[in-house]
Amino acid sequence: METKPQERLRKPRADAQRNRERVLEAAKAVFSVGGAEASLEAVARQAGVGIGTLYRHFPTREDLFEAVYRREVEQLAELAEELKSEPSPVEALRRWLRSTVQFVATKKGMMAALAIVMTANSELAAYSHGHLTRSIGALLARAVEAGEIRNDISADDVLRALIGMCYMHDQTGWQQSVLRLLDVFVDGLRVGKGRE
304 METKPQERLR KPRADAQRNR ERVLEAAKAV FSVGGAEASL EAVARQAGVG
354 IGTLYRHFPT REDLFEAVYR REVEQLAELA EELKSEPSPV EALRRWLRST
404 VQFVATKKGM MAALAIVMTA NSELAAYSHG HLTRSIGALL ARAVEAGEIR
454 NDISADDVLR ALIGMCYMHD QTGWQQSVLR LLDVFVDGLR VGKGRE
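Here it is, written out as structure tokens:
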């Protein structure tokens, strides 16, 4: 009997989707603490699922790293959308940049694995760069339009500066240092009397 097209394209069952989300949350926590070599069994245990369930959703360790990374990039894009309603465009940009530093901080244990995945997967690199620059671009454009931020900086410039600031992520106290630098950076972008 032939499968109907709508049956082939049907969405995953609700419990399967919940399991996938639990695995992603658990992987984020376990990899952040245990690094790229943390066991997948620990991820399954933290998620409250069997190892077979984990492998059904993510056949390889790299698939799981990539899924966690994509999900976090999507959450940063969603945050940028939410921050568009923030009364102060400059503070919206600042909050998004600070959230991105937190994102990097939670990835400390995954950095080596992510570097390998990103190198091997140019589509993933393009995907993340596109999402992040669009997020920055929307927040930056709003601040420029409000006359609060200078108009001679691009989303790529801001992303490069942010990545550069986070480069020393393996040094003790790096996160507090980067948050201070971000404040200096954002204040340096301000124009007119709004500049602090």
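So the sequence shown is numbered by my numbering: it starts at 304 and just counts up by one.
Ideal Cβ placement from N, Cα and C applies to all residues, glycine included.
Reduced DSSP secondary structure (H/G/I, E/B, other) of Ile456: By 1-based counting over the sequence shown, the position of residue 456 is 153. Under the three-state reduction of DSSP output, Ile456 falls in the coil class, being neither helix nor strand.
What is the rounded straight-line gap between the Cα of Glu354 and the Cα of Leu396? Within the sequence shown, residue 354 is the residue found at index 51, counting from 1. Within the sequence shown, residue 396 is the residue found at index 93, counting from 1. One detail in the question is off: residue 354 reads as Ile in this sequence, not Glu. When rounded, the distance between both Cα atoms is 40 Å.
Report all residues from its chain with a CB closer than 7 Å to the CB of Gly440; omit the five preceding and five following residues, and keep chain order. Here residue 440 is taken as the residue at index 137 of the sequence shown, counted from 1. Within the same chain, and ignoring the five residues on either side of Gly440 in sequence, the residues whose Cβ sits closer than 7 Å to its Cβ are Ala458.
Among the candidates His434, Leu327, Gln378 and Ala332, whose CA atom is the shortest distance from the CA of Tyr358? As a first step, residue 358 is located in the sequence shown; it is residue number 55 there, counting from the start. Of the listed residues, the one whose Cα sits closest to Tyr358 is Leu327.
Start and end residues, alpha helix (DSSP H) containing Phe368: Stepping through the sequence shown from its first residue, residue 368 is reached at position 65. It spans Arg364 to Leu386 - the alpha helix (DSSP H) in which Phe368 sits, taken as one unbroken run.
Bridge partner(s) assigned by DSSP for Arg493: In the sequence shown, counting from the first residue as 1, residue 493 sits at position 190. Answer is Ile452.
Cβ-based burial, Arg498 [other Cβ within 10 Å; buried from 16]: Taking the sequence shown and counting its residues from 1, the one referred to as residue 498 is at position 195. Low confidence applies here, because Arg498 scores a pLDDT of 46, under 50, leaving its location unreliable and the question unanswered by this model.
Candidates Gln320, Ile466, Leu485 and Gln349, of which the one nearest Lys331 by Cα: Within the sequence shown, residue 331 is the residue found at index 28, counting from 1. The shortest C-alpha separation from Lys331 is found at Gln349.
Other residues of its chain near Phe488: CB distance less than 7 Å, five sequence neighbours each side excluded: Against the sequence shown, residue 488 aligns to sequence position 185. For Phe488, where only same-chain residues beyond five positions count, the Cβ hits under 7 Å are Ala464.
Val333 vs Ala341 beta-carbon contact at 8 Å: Position 30 of the sequence shown, counting from 1, holds the residue named residue 333. Position 38 of the sequence shown, counting from 1, holds the residue named residue 341. Yes.
Simplified DSSP assignment, three categories, for Arg437: Translated into the one-based positions of the sequence shown, residue 437 becomes position 134. In this structure, Arg437 counts as helix in the three-state DSSP scheme.
Contact between the region 427-435 and the region 472-481: three or more CB pairs below 8 Å? With the cut-off at 8 Å, the region 427-435 and the region 472-481 do not touch.
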